[in-house]
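Asker: In this note's numbering, the protein residues as written are 34 to 130. We put the beta carbon where it would ideally sit given N, CA and C, even for glycine. Got a structure here, written out as structure tokens. Questions coming.
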């Protein structure tokens, strides 16, 4: 089962995606956000290990954070936060040329 949650917390919205799978050790929880990294259960399976890296990049562009935590009772919880106020606009590349 996968559980989605969202809450407002001190100027940001935090979204959580929880599962009851195998989980990961503390050292692997940051590694899985790197490009081409996959969990041990995914070895030989589908996917290229880009999904969480892309998610982290998109969230960062919006001024947010991503992380993973152990789910009580087993599994893993992925979380991301986004600021409630809009991030400053990115400079237009054409203006900088």
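Kindly give me the distance between the Cβ atoms of residue 111 and residue 98, rounded to whole angstroms, as I take these residues to be in contact under 8 Å.
Answerer: Here the question's residue 111 lines up with position 78 in the chain shown. Here the question's residue 98 lines up with position 65 in the chain shown. About 12 Å separates the CB atoms of residue 111 and residue 98; that is not less than 8 Å, and the two are not in contact.
Asker: Hey, residue 117 and residue 85: beta-carbon distance below 8 Å or not?
Answerer: By one-based count along the chain shown, residue 117 stands at place 84. By one-based count along the chain shown, residue 85 stands at place 52. Cβ atoms of residue 117 and residue 85: not closer than 8 Å.
Asker: Evaluate residue 89 with the Cβ neighbour count: other Cβ atoms within 10 Å of its Cβ, from every protein chain shown; 16 or more gives buried, anything less gives exposed.
Answerer: Within the chain shown, residue 89 is the residue found at index 56, counting from 1. Residue 89 should be labelled buried.
Asker: So, using beta-carbon positions, are residue 54 and residue 70 closer together than 8 Å?
Answerer: What you label residue 54 is simply residue 21 of the chain shown in a count that begins at 1. What you label residue 70 is simply residue 37 of the chain shown in a count that begins at 1. Taking 8 Å as the Cβ cut-off, residue 54 and residue 70 do not qualify as a contacting pair.
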